Amino acid sequence: MFTVPPDSTHPASPSCPAETPPTIVLVAFGTSVDEARQVYDFIDGQARQRYPDHDIQWAFTSQFIIDKLKQRGIRTRNLAEVMADLRTRGARRIACQSLHVVPGQEYQALFSANNDGLQVVFGDPLMTSNADIEATIAALAPSLDADETTVVVAHGNRNYPEFNRRLVKFAAAIEARYPKLTVASVEGTPGTAGLETLKARQPEQVHFVPLMIVAGDHIMNDVLGDEDDSWKNLLQVAQVRCSPSLGWNPAILAIYFDHLDRALNHLARFPDGYSGQPPAGASAPVPAPVPVSEV
3 MFTVPPDSTH
13 PASPSCPAET
23 PPTIVLVAFG
33 TSVDEARQVY
43 DFIDGQARQR
53 YPDHDIQWAF
63 TSQFIIDKLK
73 QRGIRTRNLA
83 EVMADLRTRG
93 ARRIACQSLH
103 VVPGQEYQAL
113 FSANNDGLQV
123 VFGDPLMTSN
133 ADIEATIAAL
143 APSLDADETT
153 VVVAHGNRNY
163 PEFNRRLVKF
173 AAAIEARYPK
183 LTVASVEGTP
193 GTAGLETLKA
203 RQPEQVHFVP
213 LMIVAGDHIM
223 NDVLGDEDDS
233 WKNLLQVAQV
243 RCSPSLGWNP
253 AILAIYFDHL
263 DRALNHLARF
273 PDGYSGQPPA
283 GASAPVPAPV
293 PVSEV
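All residue numbers for the sequence shown refer to the working numbering, where the first residue is 3 and numbers rise by one.
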């Protein structure tokens, strides 16, 4: 398996010049909230419009979500299961596009999937480079009001601080442009310290902006829930509003699809029949999850 080098600047194209276009696998964390899962249908439709000649499959990275959905009679698969199925069906060229927000723990775990006999590349998560951070801020701008108290809701990682680096960079960049905006995270850094600062200002209304593909359990309960420790109640404001999740934002999806275009172009450089070693100029195999280097 190979990640696409961030400086790969080959012209983007929705399809690769091959007799059989590569299979696209969209890889998301997953959610068990029915209303939130509708965003995946929207993303799927957008992807099929942009890549009409490609077989498009889905995989979830959260086995907990997969098992929970299975108990309700809803079948979803992890990446290893999708890879095994594609191998059985004779597919050989696969572009996996991560729908994660940052290159964190869930993204790194993708590299452990068995790719024996397959040509596999991975498209970057949403915010992998500094340019991605700028593009994400631009994509959010139409929904932001500089005069409104705003909280951008990120997930974060409590166990591996190195995976919060992009969130911290994003927070610094967007907070510098919107003085009444705070980035907070459910876990890890930047955490919820900024909420106490907001509370001291006693705002009448707060605008929550999910920095998540789906507005699932965290948004519904941790942020907007009726429990005493929900963010809404912690801030003690009279009114709250919440923007749709990232997955409904076409400008955000355009960033993901640009990353997928780059992955497809990189895959097109693999010679016919190639498997197991990268072509000249390609990045080295990733034998195990490793932190993503600064870009």
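Ideal Cβ positions, reconstructed from N, Cα and C, are used throughout, including at glycine.
Given the structure is predicted, the values throughout are model-derived calculations rather than measurements.
query: Where Leu146 falls: helix, strand or coil (DSSP); result: coil
query: When Val29, Ile26, Val35 are compared against His220, the one with the closest alpha-carbon; result: Val35
query: Residue(s) in a DSSP beta bridge with Gln99; result: Leu28, Gly125
query: Three or more C-beta pairs below 8 Å linking the segment 147-157 and the segment 108-126; result: no
query: Own chain residues within Cβ distance below 6 Å of Lys234, not counting five before or after; result: Leu226, Val242
query: Residues near Thr22 by beta carbon distance below 7 Å, same chain, minus five either side; result: none
query: Neighbourhood of Leu237 by C-beta, 7 Å cutoff - its chain only, sequence neighbours within 5 removed; result: Leu197, Leu200, Lys201, Val208
query: Reference Ser64, options Gln48, Val29, Leu88, closest by Cα; result: Val29
query: Extent of the continuous alpha helix (DSSP H) to which Thr90 belongs; result: 81-90
query: Sub-8 Å separation of Gln107 and Tyr162 beta-carbons; result: yes
query: Residue of Trp60, Leu128, Thr130 minimising C-alpha distance to Ile96; result: Trp60
query: At least three beta-carbon pairs within less than 8 Å, the segment 253-272 to the segment 153-160; result: no
query: C-beta contact flag for Ile215 and Ser245 at 8 Å; result: no
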